[in-house]
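What follows is a set of notes on a single structure, which appears directly below.
Number of protein chains: 4
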Amino acid sequence: MKVSAKGSDVKDLKLAVEGQDLIDWAAREMPVLTLIRQRFIKDQPLKGLKLAACLHVTSETANLMLTLKAGGADLALCASNPLSTNDAVAAALASQHAIKTYAIRGEDNDTYYEHIDAVLDHHPTMTMDDGADLVSRLHKERKDQLAEVIGGTEETTTGVIRLRAMAKHMFDNRYGTGQSTIDGIIRATNVLLAGKTFVIAGYGWVGRGLASRAKGHGADVVITEVDSVKALEAAMDGFRVMKMDEAAREGDIFVTVTGDVNVLDRKHFDGMKDGVILANSGHFNSEINLKALDEMATGVRQVRPAVQEYKMRDGRRLHVLAEGRLINLAAAEGHPAAVMDMSFANQALCAAYIAANAAKLEKRVYDVPDEIDKEVAQLKLHAMGIAIDTLTAEQERYLNSWEEGT
Amino acid sequence: MKVSAKGSDVKDLKLAVEGQDLIDWAAREMPVLTLIRQRFIKDQPLKGLKLAACLHVTSETANLMLTLKAGGADLALCASNPLSTNDAVAAALASQHAIKTYAIRGEDNDTYYEHIDAVLDHHPTMTMDDGADLVSRLHKERKDQLAEVIGGTEETTTGVIRLRAMAKHMFDNRYGTGQSTIDGIIRATNVLLAGKTFVIAGYGWVGRGLASRAKGHGADVVITEVDSVKALEAAMDGFRVMKMDEAAREGDIFVTVTGDVNVLDRKHFDGMKDGVILANSGHFNSEINLKALDEMATGVRQVRPAVQEYKMRDGRRLHVLAEGRLINLAAAEGHPAAVMDMSFANQALCAAYIAANAAKLEKRVYDVPDEIDKEVAQLKLHAMGIAIDTLTAEQERYLNSWEEGT
Amino acid sequence: MKVSAKGSDVKDLKLAVEGQDLIDWAAREMPVLTLIRQRFIKDQPLKGLKLAACLHVTSETANLMLTLKAGGADLALCASNPLSTNDAVAAALASQHAIKTYAIRGEDNDTYYEHIDAVLDHHPTMTMDDGADLVSRLHKERKDQLAEVIGGTEETTTGVIRLRAMAKHMFDNRYGTGQSTIDGIIRATNVLLAGKTFVIAGYGWVGRGLASRAKGHGADVVITEVDSVKALEAAMDGFRVMKMDEAAREGDIFVTVTGDVNVLDRKHFDGMKDGVILANSGHFNSEINLKALDEMATGVRQVRPAVQEYKMRDGRRLHVLAEGRLINLAAAEGHPAAVMDMSFANQALCAAYIAANAAKLEKRVYDVPDEIDKEVAQLKLHAMGIAIDTLTAEQERYLNSWEEGT
Amino acid sequence: MKVSAKGSDVKDLKLAVEGQDLIDWAAREMPVLTLIRQRFIKDQPLKGLKLAACLHVTSETANLMLTLKAGGADLALCASNPLSTNDAVAAALASQHAIKTYAIRGEDNDTYYEHIDAVLDHHPTMTMDDGADLVSRLHKERKDQLAEVIGGTEETTTGVIRLRAMAKHMFDNRYGTGQSTIDGIIRATNVLLAGKTFVIAGYGWVGRGLASRAKGHGADVVITEVDSVKALEAAMDGFRVMKMDEAAREGDIFVTVTGDVNVLDRKHFDGMKDGVILANSGHFNSEINLKALDEMATGVRQVRPAVQEYKMRDGRRLHVLAEGRLINLAAAEGHPAAVMDMSFANQALCAAYIAANAAKLEKRVYDVPDEIDKEVAQLKLHAMGIAIDTLTAEQERYLNSWEEGT
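Chains Y, B, U and D supply the protein sequences, listed in that same order. Heads up: the first sequence begins at 13 in the working numbering, then just goes up one per residue. Heads up: the second sequence begins at 13 in the working numbering, then just goes up one per residue. Heads up: the third sequence begins at 13 in the working numbering, then just goes up one per residue. Heads up: the fourth sequence begins at 13 in the working numbering, then just goes up one per residue.
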């Protein structure tokens, strides 16, 4: 790792102007974060905080960084995925905004961890993670630094707030990954979705969003699940539900969004039709058993930039997109800015919340407070030009009473 | 109140054969409850329990009653709504199954409360409620009986389990009320939904289900909300969101599903178009301010069995369906049996759960245990002929570990 | 047949007031026809015409009759289907409007043809048909009257204008039958559509509308077809397409809309699941082979008003709705008034067109002139409060020129 | 123009290997054309024909060229749009398949017409056009060659068969442009469609397909039209319909698909919100009045590769995609191969049809014969693994008879 600019490690600082254009473009679709940034400039809620972030280094993340910096935080940023970095954006952050940035698209495994280490060398008092690589490394390799993290306690999980609320489920997963996964598949293959049998493994929030978008494109959607409640919901939503053993024989396109391992495995590859497309939209590239597929294939070749063709002994061709990494980041541009606006508005407000409540927070995992969700939603509606009703005094009274019913 | 058969009060016992046909028909769409009934006959989990139920007296409720009775319970049943009773079903329960039944379609207010009292006269040790009229009366008028309810404690809430889980939200509200509200509106009016502006007040589970069905019929759906998160979700689902003040001027059909009071009020009636249709699908008939509408109108007349036309001073005609009572019960047949199958399977298993855990339950409100939801869903999938995946040992290990990720 | 009032034959003239309410209710949803009626009163385009109509005798048809009468026509009306007559509407037409009406709900086959004959006894100079029973009888039994029909020619087809245009396909079939078929099935069975496999035989306009509505209710829709272009369109619309042999084994609900015979036949009944529902929404009750089913069954019984259960030797139960007659008329109220508004506005304008152009029309079948379609659509948009763009002079020029393109 | 290889004019012959990979990838999604190619190799239906084609030079068009060549045709190909050429594909056609190819992405206007002339220099006996530039030039500049075109007649329109049938409307426009327009907009902007107001000018086949896809992505779709029948259909499909004057103030994204000129004009730009996106998916770049917009703007700059920002005097920013050229070709990859498969299968069979029937064809425009549509659909269903029903003898008899009805 060479330290290229003010302690950063990025591909090419000359890309900074191009990167700034991308950041500005994203900002137009991030009105909520923009509003929060204006408030942060005034209130300085993160003053004195040393914040380490391990996130996809995209134009939207850049806007979060600028908001956190506006709030007074001292920042260091590394990539949470070797393939998701936009080098121009990284250059703009490093050179134009003097934010310590360690991220190069396509960096090898060693560089990836060197970059995480570089961020930890800044001795953060707060962490921001996407996939837990940063926190995990902190616990395993930097036990001595744990005490530095907010309040000097031993466990860094103090104050960690899970983004399991509205912003995460509704925007990030359902709308964001729903659209961008379809986008990634189409960019990678330019295949027509109408009339295709589209198999989705997993009917969590991402699966639901994806199913809805695939159906909207005229596909015949099939769901596989291991949870009976989710499986039933999929069936009641009009989708066919079956075991993957059976779906493997019917599908034209397969997308895994379970968060689990080897969801598409040897026995499934065996039954698939010639020409199928396999993609993953879960965080880790563990959902498609590529090792098994590689062993089964007589040859592999690149047929389009993000498409690898595995030739099977019986002549069938299986096409794996983006080496099984998350398709929306690897083959498209990840979440649209409007999605990240919600997610990052949430993160920014949570960071301020942790900073303000550090003394009171116990050593456990918290959910995002409801008020933050409601505030973000309210800001977003405002940005969309939508006004909603408020309860009348009579209605408030009614809701607070058991007595007025028939 | 005349006691007509074995202590019951129903319209006409001669309707019993017809009622039994309806109960049998419903049973075909209630495979989950049927399976539980078979188990209950063997296990007798409700043996010795005196159970008072205040529910809509429909063919589906009858199947729940037969299941609870099969489980050993001693039952008394009254109507939870004066308009929702099917007299033939009530007759069959009273005469063919010797279940104490107090319910007559169209009964007046006095009879309604006499029927609740009749049920309480049976000194229940467990209650089953839909809208809280039974529990409410128990607390207000029968304080002395409170101690009799499971375990002899003072508060009857012991052991009450809220059906706030899967079965309630997903089936009852989203799928059930979604379809049956549309059904009720069409039966009442025979109006074409395609091309109509369909305003839904409230985007909770019922509102979501209803919006989806109205959109599926080609309507242009408008949502009003007071909660910013729900309002935003509606907007992201592609629906227009606005204040009711504005929606009132655009809508052709209005349905309230908020659980609140006077959601459609004087100022809204003022701006509505000639010929609009107003319906309520919330539990109580408080959502449309009929008193105000009555005062504003120069005359009211019945134009179809479930349609009242309010003539306004300026000549506009506003059509209120089923006097603002829940449209799906008043103008259609309420939830399809398949919906009640899920809801009642849940209730039956919960009753058994309370009976089994009475000693351990604290004096507070519980949510339905996850296992009951999963079990009901599993039984339902089985009945639908759907098999789903199970986690492999490797997948279980992966999910239980933080370490295997990239 | 007894002639009850002014030469009419209806069930009970005392139902006339109730019938008039239904006619008035329908009129509110028929703004296009209302507008045409106002014009007809002034222009009297049908003056001197003797018009015989063989149509479903519903409240919407009544509004067409009143419009034709307003235009100066001398009318006689009989039912085009023994089960579709609304007796109250028939009474109102006969007594309050002095229109010769021959229709009694549930009339037997002999009465049905007596009624057609009664209408032909009026020596029509124009006919209006729905299913060709009237024209067919005219050709077979009343050859001598053929010359009386507009222009004294031998062939009555002179001036017949097929409603194969917009109004028929778009409104009548797609939107009208789409909604009302779903309505009929739900009224007949109260079954939940979500999660059901819904098989539709035929992907013409009715099949398309029905598929869209069933999908909107959360069903998994399967299409069967004999035409490759339609089959492909169904597949590209995201529906599964297969042979009926295969669909018969998967379906929960089957609806035939092909216009053909024995689309559901012996071999299909053999493979069906227990509890399936069979309905027809094509014009004739020939699509389900009930004769074969009857032979295969060990018994048949009525389980709900419009549901007959066929018990098979192996214990399976097949449920046929409305004896295979068109489900939307037999179990629901037929097309919503808004649909018939379009269809009947078209018929009224076509009648005026024939009257005006009788001399010029050749002896062949015509399609509805485009101008009538556009005029009806324009009137409908106006009634919906929708204004649309008009071409600018520049745009007209552009469209008329080949030269301005790049 | 320099003639680079065997008389062709392409960007760089070294791209040929890459181009061949793209052609092969497209071939996987073009099973129908592949099947026809196999037949053509055997039958040689185009033997002796000199065919001039003016088409988008993409990997799918390459597969059509290979099929026509396999059928015996002597080919020359030029681009039908300066921006749609894939240089690698052009290289592969020119060098690996020795097809005379004249197409360079981004070529200027002079080169564009030089390329058309080069194709005409080959003295075609049959033409294949997309937008009429070739035929138009033939009529204006090469009147002397008109006689050479099939059969030596004066008018080249002899034998031209309009692709107004299934393949064109259903696949090309509805499914193809529907998906690829969405794809182009997302690639150009990475904007989230959910929650956006999406205005579509024109509800022809493209507009319908696009509306369906936009709705499937969670957008609130608004339609503008000048035709009352189409406008009404849009309204009945659940979309809002209004004048562009009004839509201009509400929309977030605008797409024109009318085939007309200045559909988005000065007065519309005036009322638009800050940040709107303007795209065209009609054939010519005449639908957005860029001249007017340029005059109104204080400055224009490129903010993403296919996005130009027009800064208005009042500070609003309007974003025009791909300079108003067809967005699906300019910002994405045009139609998916599966769409072009249908369209080109049709073209190939039509070419054979013209060759076989040249003597019989009159000097007028023909529609594609029904049999070709049915054959293409049948081949496609076969390729999708879908089998459909065939009429039984009894059903054929029934359809051929008027007599068997009730």
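The C-beta atom is built at its ideal place from N, Cα and C for all residues, glycine as well.
Output yes or no for whether 8 Å exceeds the beta carbon distance between alanine 115 of chain U and alanine 343 of chain U.
no
Going by other Cβ atoms of all chains shown within 10 Å of its Cβ, with 16 needed for buried, is valine 29 of chain D buried or exposed?
exposed
Taking 7 Å as the limit between beta carbons, can you name the residues of its chain near alanine 82 of chain B, skipping five residues before and five after?
Arg49, Phe52, Ile53
If you pair each beta-carbon of the stretch 203-214 of chain B with each one of the stretch 232-244 of chain B, do three or more pairs fall below 8 Å?
yes
Please state whether DSSP places glutamine 359 of chain D in a helix, a strand or coil.
helix
Distance check for tyrosine 124 of chain Y and alanine 91 of chain Y, CA to CA, integer angstroms please.
7 Å
Counting only runs of 4+ residues fully inside the stretch 188-230 of chain Y, write out the alpha helix (DSSP H) ranges in chain order.
190-201, 217-228
Can you name the start and end residues of the alpha helix (DSSP H) that glutamate 237 of chain B belongs to?
Careful: glutamate 237 of chain B lies outside any alpha helix (DSSP H) and carries neither H nor E.
Measure the C-alpha to C-alpha separation of glycine 163 of chain B and glycine 60 of chain B and round it to an integer number of angstroms.
Only weak support is given to the placement of glycine 163 of chain B: the predicted model assigns it a pLDDT of 36, under 50, and the value that follows is read from those uncertain coordinates. Looking at the two C-alpha atoms, the distance is approximately 13 Å.
Alanine 243 of chain B to lysine 386 of chain Y, Cα distance in whole Å?
10 Å
Measure the CB-CB distance between alanine 85 of chain U and leucine 105 of chain U and report whether it falls below 8 Å.
no
Span of the alpha helix (DSSP H) holding alanine 395 of chain Y?
382-396
Enumerate in chain order the residues of its own chain whose CB-to-CB distance from isoleucine 265 of chain U is below 6 Å, with the five nearest sequence positions on each side excluded.
Lys208, Phe210, Ile289
By Cβ distance below 6 Å, which residues in the same chain neighbour serine 96 of chain Y in space, the five residues on each side in sequence not counted?
His68, Leu341
Closer than 8 Å, CB to CB, is lysine 392 of chain B near chain Y or not?
yes
Alpha carbons only, please: which of B:Ile111, B:His127, B:Ala38 is nearest the one belonging to glycine 118 of chain B?
B:His127
Mind checking whether aspartate 286 of chain B and arginine 328 of chain B have CB atoms under 8 Å apart?
yes
Less than 8 Å between the beta carbons of alanine 350 of chain B and valine 218 of chain U, yes or no?
no
Please list the terminal residues of the continuous beta strand (DSSP E) segment that includes arginine 313 of chain U.
309-316
Straight-line gap, tryptophan 423 of chain Y to lysine 392 of chain B (C-alpha atoms, nearest Å)
Nothing about residue 423 of chain Y can be reported from this structure: the residues present for chain Y run from 13 to 418 only.
Sub-8 Å separation of leucine 25 of chain B and alanine 130 of chain B beta-carbons:
no
Chain-ordered chain Y contacts of methionine 256 of chain B [CB-CB under 8 Å]
Asp401
Can you tell me whether DSSP reads methionine 178 of chain Y as helix, strand or coil?
Below a pLDDT of 50, predicted positions are generally treated as unreliable, and methionine 178 of chain Y, at 45, falls in that range; the measurement from the model is reported next regardless. Three-state DSSP puts methionine 178 of chain Y in a helix.
Between the C-alpha atoms of aspartate 272 of chain Y and arginine 313 of chain Y, what's the straight-line distance to the nearest angstrom?
27 Å
The alpha helix (DSSP H) spanning alanine 88 of chain D covers which residue range?
That residue, alanine 88 of chain D, is in no alpha helix (DSSP H); its beta strand (DSSP E) goes 86-91.
Taking the straight line between their C-alpha atoms, what separation do you get for methionine 254 of chain Y and serine 240 of chain Y?
11 Å
Proximity of glycine 216 of chain B and valine 275 of chain B at Cβ, strictly below 8 Å
no
If you measure from the beta carbon of isoleucine 366 of chain D to each beta carbon in chain B, is any gap under 8 Å?
no
Anything in the stretch 231-250 of chain U with a Cβ closer than 7 Å to a Cβ of chain Y? List those residues in chain order, please.
Ala231, Asp232, Ala247, Met248, Asp249, Gly250
Span separating the alpha-carbon of proline 348 of chain Y from that of glutamate 321 of chain Y
29 Å
Check whether the Cβ of arginine 252 of chain D lies closer than 8 Å to any Cβ atom in chain B.
yes
Taking only three categories from DSSP, how would you classify phenylalanine 183 of chain D?
helix
I want to see whether chain Y comes within less than 8 Å of isoleucine 429 of chain D, judged by CB atoms only; does it?
Coverage of chain D is limited to positions 13 through 418, which leaves residue 429 of chain D absent and any answer about it impossible.
Going along chain Y in order, which residues have a C-beta closer than 8 Å to the C-beta of methionine 396 of chain D?
Gly207
What residues of chain Y sit near lysine 227 of chain D, judged by a beta carbon separation below 8 Å?
Gly228
Would you decide whether glutamate 335 of chain D is buried or exposed? Buried here means 16 or more other CB atoms lie within 10 Å of its CB.
exposed
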